[in-house]
Amino acid sequence: MKGLNAVLQEVAERLKDNYPYGDPLYAGQMLKPPHAVARRAYEMALKINPNNHALDGGRASSAMEKEAVAALAQMIGWDIHLGHLCSGGTMANLEALWVAGQLHPGKAIVASTQAHYTHQRIAGVLGLPFESIPCDRAGRMDIPALERRLAAGGVGTVVATMGTTATGAVDPLAAIVDMRRRFDFRIHADAAYGGYFVLTDNLTDETRLAFELVREAASVVIDPHKHGLQPYGCGCVLFHDPAVGRLYYHDSPYTYYTSSDMHLGEISLECSRPGAAAVALWATQRLLPLVPGGEFAKGLAAGRAAALDLYRRIRADQRFVTGAAPELDILVWAPRAKRMSDASALSQRIFDEAAQRQLHLALVTLPVHLIDVQEMQRDRDTIICLRSVLMKPEHQAWADKIWTILDAATTASLAKR
Ligand SMILES: Cc1ncc(COP(=O)(O)O)c(C=O)c1O
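Structural data, given as structure tokens:
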């Protein structure tokens with residue numbers, strides 16, 4: 016076609032303006048390259064361009080979605096479930112909290128101060144009250160504070176974050192589940208980031224227990240486009256009680272359900288959705304089954320090992336201060352300085368110096384109590400920290416190189432001070 020090559024050439028040029036997300040020295044935000052099998056299966060399905068709203072729009076891809084979602088439900092220990100894929104964690108949480116709101120109308124949704132910011136926004140969209148529960152020093156929901164709030168009444172749903180976005184902290188689900196013996200509330204587990212860690216063997220006992228108890232939640236969100244090796248546009252919401260399907264009932268006259276089998280559009284807030292995303296996920300799970308000790312699980316454990324390795328090195332270095340040991344594969348730390356404002360400025364400089372040396376980190380602003388700032392003057396309530404998401408299996412082998420560059424970038428930043 017005339018002009019096609021020229022346009023694609025232009026696209027290729029435009030796409031050069033990016034960070035090297037697939038490189039092991041990209042250790043900044045939550046970005047993990049999709050697996051080759053996911054990319055290829057997606058491309059194959061794209062030739063058909065199925066729509067998983069209705070079986071009429073994608074018979075094979077709908078069947079594959081049901082199988083792929085069932086495998087995710089099995090992974091957390093559910094034999095029965097209702098669930099489907101969607102565009103990502105935010106949509107999946109919206110749907111879970113919409114169901115929660117239908118079942119507990121007018122009651123509050125509570126989540127920790129470190130929960131993803133979209134929970135509050137979602138509650139606003141749903142017209143439900145939202146309240147934040149403070150966190151302990153490890154960035155986990157503070158249980159005595161939650162207990163006090165539950166005792167005051169009016170809480171419909173507690174969101175437990177299984178891996179916070181900023182630090183990878185895991186809310187103490189055992190204590191939250193235990194509290195259901197005294198208070199009547201629903202648990203929603205936002206495991207968008209951390210969900211797959213239920214498969215790994217190198218968590219602390221406490222974190223492991225929390226993941227084992229995800230099965231006690233009423234609804235769970237897991238994002239295959241974060242740790243599940245999928246291209247963006249792949250989140251998943253799961254409900255333990257399939258009966259919530261009744262809440263989705265509609266009698267739209269123009270929805271084209273021509274068979275009596277269950278159409279995914281009948282249990283989803285969204286209508287049209289890419290069947291290709293389901294095909295890619297199905298193929299990935301076929302190649303890399305979601306089993307403890309399997310290749311996929313080992314990949315997650317390798318990222319966590321990298322985070323622990325770097326944490327030990329940073330902690331042993333007097334130039335830095337840290338927060339609690341990482342629970343998953345996300346690490347935060349800050350340079351030691353006289354005042355917290357100086358440390359924040361220095362974090363920015365180290366971030367820039369590291370980027371000049373091809374090591375791409377991230378920055379995060381944290382409340383001061385999450386970092387052991389020691390003798391630093393607390394001239395502000397927050398501190399800008401360096402943050403690294405070590406979510407690629409290769410990060411384990413590259414930990415030494417990452418440390419060497421961080422060391423050089425820190426030395427250069429301190430010299431310029
Ligand atoms: C814990 C958690 N929940 C929800 C989200 C939102 O997910 P998405 O960006 O896929 O909408 C994120 C994203 O980072 C997250 O970390």
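Here the working numbering = 1-based position in the sequence shown + 15.
Glycine residues also receive a C-beta, built at the ideal position from the N, C-alpha and C atoms.
Predicted model only: the values in this text are computed from it and were never measured.
1) Give the straight-line distance between the Cα atoms of Glu82 and Met277, rounded to the nearest whole angstrom.
2) Flag this pair as yes or no: are the beta carbons of Ala175 and Ile202 separated by less than 8 Å?
3) Beta strand (DSSP E) containing Ala377: first to last residue?
4) Compare the C-alpha of His242 against each of Glu28, Leu303, Cys286 and name the closest.
5) Between Phe198 and the rest of its own chain, which residues show a CB-CB distance below 7 Å, the 5 nearest in sequence each way excluded?
6) I'd like to check one pair, Cys400 with Ala349: are the Cβ atoms closer than 8 Å?
7) By alpha-carbon positions, which one of Leu343, His240, Arg155, Ser287 ends up nearest to Leu471?
8) Decide if Cys249 is buried, meaning its Cβ has at least 16 other Cβ atoms within 10 Å, or exposed.
9) Could you tell me which whole beta strand (DSSP E) segments of length 3 or greater appear in the region 163-230?
10) Taking only three categories from DSSP, how would you classify Asn64?
11) What first and last residue would you give for the alpha helix (DSSP H) that runs through Arg74?
12) Report yes if the C-beta distance between Leu40 and Gly183 is below 8 Å; otherwise report no.
13) Is it the case that the Cβ atoms of Arg152 and Asp186 are separated by a distance below 8 Å?
14) Are there any heavy atoms of ligand 1 lying less than 7 Å away from the beta-carbon of His203, as far as the coordinates show?
15) Helix, strand or coil for Arg54? Go by DSSP, reduced to three states.
16) Out of Glu25, Leu325, Leu381, Glu390, point me to the one whose CA is closest to Arg351's CA.
17) By Cβ distance, which residues of its chain are closer than 6 Å to Glu231, with the 5 residues on each side in sequence left out?
18) Between Gly98 and Val84, how many whole angstroms is the CB-CB distance? I'm expecting something under 8 Å.
19) When DSSP labels each residue in this structure, what does Pro307 get in the three-state scheme?
20) Shorter than 7 Å, the distance from the beta carbon of Asp151 to the closest heavy atom of ligand 1, or not?
21) May I ask you to list the residues that DSSP assigns as paired with His99?
22) By the 10 Å Cβ neighbour count, where 16 or more other Cβ atoms means buried, how is Lys47 classified, buried or exposed?
23) Pick from Met16, Ile417, Ala60: whose alpha carbon is nearest that of His375?
With the given structure in hand:
1) Their Cα atoms are separated by approximately 13 Å.
2) Yes. Within cutoff.
3) Residues 377-382.
4) The candidate whose alpha carbon is nearest that of His242 is Leu303.
5) Closer than 7 Å at Cβ, skipping near neighbours: Leu165.
6) The answer is yes: Cβ separation under 8 Å.
7) This structure does not reach residue 471, given that the chain is present from 16 up to 432, and the question cannot be answered.
8) Cys249 is buried by the Cβ-count criterion.
9) Those beta strand (DSSP E) runs which fall completely within the region 163-230 and span 3+ residues are 170-176, 201-206.
10) In the structure shown, the three-state DSSP call for Asn64 is coil.
11) Element bounds for Arg74: 74-90.
12) No, Cβ-Cβ distance for Leu40 and Gly183 is not below 8 Å.
13) Their beta carbons are not under 8 Å apart, which means Arg152 does not touch Asp186 by this criterion.
14) His203: no, Cβ never under 7 Å from ligand 1.
15) Three-state result, Arg54: helix.
16) Distance from the Cα of Arg351 is smallest, within the candidate group Glu25, Leu325, Leu381, Glu390, for Glu390.
17) Hits under 6 Å: Val192.
18) Contact between Gly98 and Val84 holds, with the beta-carbon distance rounding to 5 Å and staying under 8 Å.
19) In the structure shown, the three-state DSSP call for Pro307 is coil.
20) Taking 7 Å as the cut-off, one finds no heavy atom of ligand 1 near enough to the beta carbon of Asp151.
21) According to DSSP, residue pairing for His99 in a beta bridge involves Val252.
22) Buried is the label assigned to Lys47, since at least 16 other Cβ atoms lie within 10 Å of its Cβ.
23) Considering only alpha carbons, the answer is Ile417.
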